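S.K.:
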Amino acid sequence: KKVSPKFYMASSWLVFGGSCLSALWILIASSWMQTPAGYTVVETATGSKAVMTSFFAAALNHSTLVRYYHVITALLVTGALFCLAIGIYYRIKNRADYASGRFIKVGLIVGAISTVLLMSAAHMQAVEVADYQPAKLAAIEGQYEAGPVELSFFGWVDEDGQTTHSISIPGGTSFLADWDFHAEYPGLNDFPADERPTAINFLFQTYHGMVAFYVIILFVLVLGFLELRGKLGDGKWAKRARWLMVVGPIAPIAAIELGWFTAEVGRQPWIVYGELKTADAVSQAVDPWQLIITLLLFLVIYTFIYVVWFKSFLKIVRTGPEVFEDGDKPLLGRIMSAVKTTAAVTVGGTEAVEAGLDAEYDAGDDLQDEEVAR
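Numbering-wise, this note's numbering puts 330 at position 264 of the sequence shown, and it's gapless, one number per residue.
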């Protein structure tokens, strides 16, 4: 309430743009660790180190843009489901009819576009992993021997027996990576034991959990389109479906977290893939308690930030947009006056019309004055 609505909107878009730039720099650092480029290793008096030879080659390495595209589309899906959830919440509470409809429409439009884009991002990510991190590709599908890579829906990896029990599409992942169901890729046994991931079943579950939540996202969007077209009805099932849409944003958030687990655990045992192992990167000069204290401080600070955000978010949603709709009533009153004018001319002459207009203007002015005072 300290700034104008236009300034407030501009600041919102600036935060959005700043967040996207922040994500880019984070992804540049993370992607370099996944697919390092633009550097050379030189010997020093205390050992060896990586020295940058090309900023753009390092920053725009083989996976940066693919991973950034994947992250941004995933976040757009998350925002879209939040928007849909708020609109459905108001509809359940019979509040803010106009605004709830706008929330639902915007959420569905952005959600539909971003989920399609996310499918293309998934394909590009599969190609990147297959080309530059084949051990990770084998791990997420629990494939121990070379051959076409299955696309599993769910299952379990017996790491001791080196077998995967799952319901899957034969060659499905090979198709995602190469448009060929018969394209062969190396299995885990084709890599030295100390150069491949070890938490195979964990990776299998996190990756397929991410895919499962994507399917839930699609289901939530379908429910949203049914609600928009008035096809959902008012029965017990419809009520449950609406509340499912309200909690729908949990699905993309969970998918994002599981995707990060897959990306980072799948990178092991490398801290810089193919160049430096995590075990060799451990610093002997840092006291473990310093790391523990640092992580605890991060936990405390971000928990505080999250609590403040969540309380603010709930307050805004509960307050609702009705106050803005009330503020528009003088304008709506003028529109309604035009409609009533037509009817009044038909039945009763100009005096009735003028009286009706005066009443509408007075009512609108009273509402506006009341809103300003409040």
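The beta-carbon is built from N, C-alpha and C at its ideal position, and this holds for glycine as well.
Every value quoted in this text rests on a predicted model; they were computed, and no experiment measured them.
1) Since V143 and T181 should fall inside the 8 Å C-beta cutoff, what is the C-beta to C-beta distance between them, to a whole number of angstroms?
2) Do you know offhand how far T407's Cα is from H189's?
3) If you reduce the DSSP assignment to three classes, tell me which class H231 lands in.
4) From S232 to G208, what does the alpha carbon distance come to, in whole angstroms?
5) For M99, I'd like the list of residues in its chain whose CB is within less than 6 Å of its CB, leaving aside the five on either flank, ordered along the chain.
6) Touching or not, the segment 272 to 289 and the segment 246 to 260, by the rule of three or more beta carbon pairs under 8 Å?
7) Identify, in the order they occur along the chain, each residue of the same chain with its Cβ nearer than 8 Å to the Cβ of V383, setting aside the five sequence neighbours on each side.
8) Rounded to whole angstroms, what is the Cα-Cα separation between S349 and K115?
9) If you draw a straight line from the alpha carbon of V195 to that of L203, how long is it in whole angstroms?
10) With DSSP as the reference, identify every bridge partner of V286, one or two as the case may be.
11) Can you list, in chain order, the stretches of the beta strand (DSSP E) that have 3 or more residues and sit fully within the segment 106 to 146?
12) Taking the continuous beta strand (DSSP E) assigned at W245, which residues delimit it?
13) Taking the CB atoms as reference points, tell me whether A307 and F279 lie closer together than 7 Å.
14) Based on the DSSP output, what are the partners of G325 in its beta bridges?
15) Between T443 and K343, what straight-line distance do the alpha-carbon atoms span, to the nearest angstrom?
16) Which parts of the segment 305 to 375 are runs of the alpha helix (DSSP H), unbroken and 4 residues or longer, counting only runs that do not cross its ends?
17) Excluding the 5 residues preceding and the 5 following G275 in the sequence, name in chain order all residues of the same chain whose CB lies nearer than 6 Å to its CB.
18) Quick check: what's the CA-CA separation for V172 versus A103?
19) How long is the line joining the alpha carbons of F82 and I138, rounded to whole angstroms?
20) Could you tell me the distance, in whole angstroms, from the CA atom of S85 to the CA atom of S78?
21) Assuming the contact rule is C-beta atoms closer than 8 Å, V223 and N267 should be a hit. Round their C-beta distance to whole Å, please.
22) Cβ atoms of E250 and A212: under 7 Å apart, would you say?
23) Relative to the C-alpha of S240, which residue among L183, I94, D197 and Y273 is closest?
24) Three Cβ pairs or more, each shorter than 8 Å: is that satisfied between the segment 115 to 135 and the segment 88 to 97?
25) Rounding to the nearest angstrom, what Cα-Cα distance links K381 and I316 in this structure?
26) Between which two residues does the beta strand (DSSP E) carrying S186 extend?
M.R.: The structure says:
1) Taking the sequence shown and counting its residues from 1, the one referred to as residue 143 is at position 77. Taking the sequence shown and counting its residues from 1, the one referred to as residue 181 is at position 115. V143 to T181, Cβ: 6 Å. Contact.
2) Along the sequence shown, one-based indexing puts residue 407 at 341. Along the sequence shown, one-based indexing puts residue 189 at 123. Low confidence applies to T407: its pLDDT is 44, below 50, so where it sits in the model is not reliable enough to give any reading.
3) As a working mapping, residue 231 is identified with position 165 in the sequence shown. Looking at H231 - three-state DSSP - the assignment turns out to be strand.
4) Working through the sequence shown from its first residue, we reach residue 232 at position 166. Working through the sequence shown from its first residue, we reach residue 208 at position 142. Using only the alpha carbons, I get a separation of about 10 Å.
5) Here residue 99 corresponds to residue number 33 of the sequence shown, with the count starting at 1. Cβ neighbours of M99 beyond the five flanking positions: V338.
6) At 8 Å Cβ cutoff, the stretches do not touch.
7) For the purposes of this step, residue 383 is taken as residue 317 along the sequence shown, with counting starting at 1. Cβ within range, chain order: I152 and Y155.
8) Residue 349 sits at position 283 when you count from the first residue of the sequence shown. Residue 115 sits at position 49 when you count from the first residue of the sequence shown. Each residue's alpha carbon lies about 14 Å from the other.
9) For the purposes of this step, residue 195 is taken as residue 129 along the sequence shown, with counting starting at 1. For the purposes of this step, residue 203 is taken as residue 137 along the sequence shown, with counting starting at 1. Here the alpha carbons of L203 and V195 stand approximately 6 Å from one another.
10) Your numbering for residue 286 matches position 220 in the sequence shown. For V286, which the question treats as bridged, DSSP gives no partner whatsoever.
11) 113 to 118
12) Locating residue 245 in the sequence shown gives position 179, where the first residue counts as 1. First-last for W245: undefined, no H or E at that position.
13) Within the sequence shown, the letter at position 241 stands for residue 307. Within the sequence shown, the letter at position 213 stands for residue 279. No, Cβ-Cβ distance for A307 and F279 is not below 7 Å.
14) As a first step, residue 325 must be located in the sequence shown, where it is residue number 259. Beta-bridge pairing links G325 to no other residue.
15) Absent from the structure is residue 443, since the part of the chain shown begins at 67 and ends at 440.
16) Within the segment 305 to 375, the complete alpha helix (DSSP H) runs of at least 4 residues are 316 to 333.
17) Within the sequence shown, numbered from 1, the residue matching residue 275 stands at position 209. Taken in chain order, the residues that qualify are L324.
18) In the sequence shown, the residue the question calls residue 172 occupies position 106. In the sequence shown, the residue the question calls residue 103 occupies position 37. Taking the straight line joining both Cα atoms gives about 40 Å.
19) Here residue 82 refers to the residue found at position 16 of the sequence shown. Here residue 138 refers to the residue found at position 72 of the sequence shown. Those two C-alpha atoms are separated by around 11 Å.
20) Here residue 85 is taken as the residue at index 19 of the sequence shown, counted from 1. Here residue 78 is taken as the residue at index 12 of the sequence shown, counted from 1. Approximately 11 Å between the Cα atoms of the pair.
21) Sequence index remark: in the sequence shown, residue 223 carries index 157 (1-based). Sequence index remark: in the sequence shown, residue 267 carries index 201 (1-based). Contact flag correct, Cβ pair sits at about 4 Å.
22) In the sequence shown, the residue the question calls residue 212 occupies position 146. In the sequence shown, the residue the question calls residue 250 occupies position 184. Result yes, Cβ atoms of A212 and E250 sit closer than 7 Å.
23) Residue mapping note: residue 240 aligns to position 174 of the sequence shown, counting from 1. The residue with the shortest Cα to Cα distance from S240 is D197.
24) Verdict: yes, contact present.
25) Numbered from its first residue, the sequence shown carries residue 381 at position 315. Numbered from its first residue, the sequence shown carries residue 316 at position 250. K381 and I316: Cα-Cα distance of roughly 19 Å.
26) Here residue 186 corresponds to residue number 120 of the sequence shown, with the count starting at 1. Not the beta strand (DSSP E): S186 falls in the alpha helix (DSSP H), residues D163 to Y198.
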